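Numbering (the working numbering), first residue to last: 3 to 215.
Take a look at the structure:
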C-alpha cells in the first residue's frame, strides 16, 4: 500500500488523541522504568516505521542511545522527519531510511543488532507470508521488541466505540499473532517481547519467569 497523504489524513486526522502519539512520554517512562528494574541497558534503538516520529523522538530523548536507526515506508511521512529534531544529543549516530520493514529485513546494511526495537501499528499492514519472513530476522537483530498491533477484536471496537474504520488493516486474532510470534519471541511484559535468538530462560535478565509466555 502507498501510505500516501490520503492514508495519513484519514487515519491520523487527530494524531494527538492517538495511543503512542499524545501519550508518547508515558510509553517511554513505562519502558524506561521496566528496563531499570532489571538493569537492562539500552544503547542502540531501531524504530520500524516511525510515522510522524512522536514516539521515536521520545524514546531517543529518554534512552539517548549511541546508535539509532529509523525506517518509514511512506514518502509523505518520511519527508516530515527532521534528523536534527529527532537526534537527542550530538553524539547519537542517527540514520533514517525511506523503506518498508520487509526491505529492511532483507538488507543487512541498515545497522547490525539493536538492544531495542520499536514496532507500533505496523504488523496489521503486512501480509502473512511477509510476516513469516520478517519475524525470524527481527529476532536475530533485536534483543527486545516493543510491539503494539490491534487484533481483530480491537479493530472492531475502533468502529463501534470510536466510529473509526481502518480500511487498510488486516484482521488477525490474538491467537494468530501469538502463533506467528511464538517461535521467535517470548512475552516478557505488556508490549515487551524478548528475542529467543539472544536469551533463554536460563540466561535472561528478566527473572520473573512466572509471567513469561
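Cβ coordinates follow ideal geometry from the N, Cα and C atoms, glycine included. Just so we're clear, the structure is a prediction, and the values are computed from it rather than from any experiment.
Measuring alpha carbon to alpha carbon, tell me which residue in the options is nearest residue i.
i, options, result
"residue 90", "56, 50 and 133", "56"
"residue 214", "80, 196 and 189", "189"
"residue 187", "171, 202, 68 and 175", "202"
"residue 5", "166, 76 and 99", "76"
"residue 36", "126, 130, 148 and 122", "148"
"residue 150", "179, 41 and 94", "179"
Is residue i helix, strand or coil by DSSP?
i, result
"residue 62", "helix"
"residue 196", "strand"
"residue 30", "helix"
"residue 151", "coil"
"residue 127", "helix"
Assign residue i to one of two classes, buried (16 or more other C-beta atoms within 10 Å of its C-beta) or exposed (fewer than that).
i, result
"residue 158", "exposed"
"residue 18", "exposed"
"residue 164", "exposed"
Rounding to the nearest angstrom, what Cα-Cα distance links residue i and residue j in this structure?
i, j, result
"residue 128", "residue 120", "16 Å"
"residue 139", "residue 107", "6 Å"
"residue 182", "residue 64", "31 Å"
"residue 196", "residue 146", "5 Å"
"residue 132", "residue 176", "18 Å"
Could you confirm whether any beta carbon from chain C is found closer than 9 Å to the beta carbon of residue i?
i, result
"residue 166", "The structure shown has no chain C; it contains just one protein chain."
The beta strand (DSSP E) with residue i in it runs from where to where?
i, result
"residue 47", "46-50"
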